[in-house]
Amino acid sequence: MNRVIWKCTICIFVLALQLIPLSSVWAWKVPIEIAITGDNNAKLYSKLIVGIEPDATDDFDNLWDTQALISQSDPENPVLLRAYMQGRAAGEGAAKYLWKDIRGAKAAGDTTWEITVDSVPAGQRVEVNWNVRRGVLKPGETLVMKDGENAGAGNEVVQVDMTRESSYAYVSGGEEPKVLSLVLSKESSNTAGSGSGSGFGCGTTKSQIGSPPAYGTVVTGMIMLFSPLVLLRLFRLKRSALL
């Protein structure tokens with residue numbers, strides 16, 4: 005009986021030690037989908053990933069980043085959508101375009117990802133979707149998508165709080181590249197999706213309030229909450245066995 009009790013106790017502590025770092029180490033990834041509706045209502049899309057890892061750098065990391073394979077334009081088979089992030093490393097052999105861009109954790113200052121969307125015909129609606137789970141960012145931090153080419157109320161740059169909204173849509177003004185900036189900032193700011201409908205110069209957003217919290221934070225909290233009760237129960241069983 006004593007061996008069973010001690011084995012259970014050891015298992016609980018080992019599990020807790022493995023899960024607690026999930027909430028204490030600042031690391032996260034956010035998947036982003038850029039999509040349009042092509043001919044015959046077929047969905048065309050590109051998948052991107054941005055994120056933070058303590059051991060990553062702001063240059064290209066083979067372990068964390070993924071280089072984008074950008075196809076060349078073909079008049080007979082034109083590309084209707086290309087989405088990628090600009091690589092930051094310079095020099096021969098450096099990754100110029102990325103589909104996955106993981107940055108290192110910084111103590112201060114903003115972290116910015118530049119997403120380029122091009123080859124989209126004029127008048128085509130472009131939808132940008134993402135999923136930022138609650139509890140991913142540290143208190144006081146914001147993750148904002150900025151559309152510098154669109155203006156909201158007061159003629160300011162359109163900004164979308166990615167922790168409160170789950171998508172942003174705009175209408176392409178042509179095949180020229182469009183740049184959307186994702187800015188991770190420690191400074192709080194009043195951000196909101198601006199505009200309505202799908203006309204030029206306007207954007208629309210969709211709320212994601214109520215999305216489930218981050219898995220690691222929930223599991224760790226449950227373990228820390230119920231561990232004392234489990235240990236107390238095991239202590240009582242051990243005491244009863246000794247008596």
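The numbering of the sequence shown is this note's numbering, which starts it at 5 and goes up by one. We treat Cβ as the ideally placed atom computed from N, Cα and C, and that holds for glycine. The structure presented is a predicted model; accordingly, all values stated were derived computationally and were not measured.
Note: Lys51 is bridge-paired with Glu37 in the DSSP secondary-structure output. Taking the Cα of Glu169 as reference, the smallest distance to any Cα among Met149, Arg86, Ser185 is reached at Met149.
For Val83, the closest C-alpha among the options Gly91, Gln90, Ile74, Met89 is that of Ile74. The residues Trp32, Lys33, Val34, Ile106, in chain order, have a CB closer than 7 Å to that of Gly55 in the same chain once the five nearest residues on each side in sequence are set aside. The straight-line gap separating the alpha-carbon atoms of Ala39 and Gly177 is approximately 16 Å. Restricting attention to Val121, Leu85, Gln71, the CA atom closest to the CA of Pro181 is found in Val121. Between the beta-carbon of Val187 and that of Thr116 there is about 5 Å, and that keeps the pair under the 8 Å contact cut. The beta-carbon separation of Lys104 and Ile36, rounded to 10 Å, does not stay under the 8 Å limit for a contact. Note on Leu67: under 16 other CB atoms within 10 angstroms of its CB, so exposed under the neighbour-count rule. Cβ atoms of Ser185 and Gly152 come within 8 Å of each other, at about 7 Å. A contact is defined here as three or more CB-CB pairs under 8 Å, and the region 40 to 52 meets this definition with respect to the region 126 to 134. Annotation: Ala126 is outside any beta strand (DSSP E) and is labelled neither H nor E by DSSP. When the beta-carbon positions are compared, Leu48 and Leu85 come within less than 8 Å of each other. Put simply, of Thr61, Glu179, Asp59 the residue whose alpha carbon is nearest the alpha carbon of Pro125 is Glu179. Under DSSP, Leu188 takes part in a beta bridge, and its partners are Thr115, Leu147.
For Glu160, there is no enclosing beta strand (DSSP E), as DSSP marks it with neither H nor E. Judged by DSSP in its simplified three-state form, Asn154 adopts strand. Closest in alpha carbon position to Gly127, among Gln71, Thr70, Ala112, Tyr174, is Tyr174.
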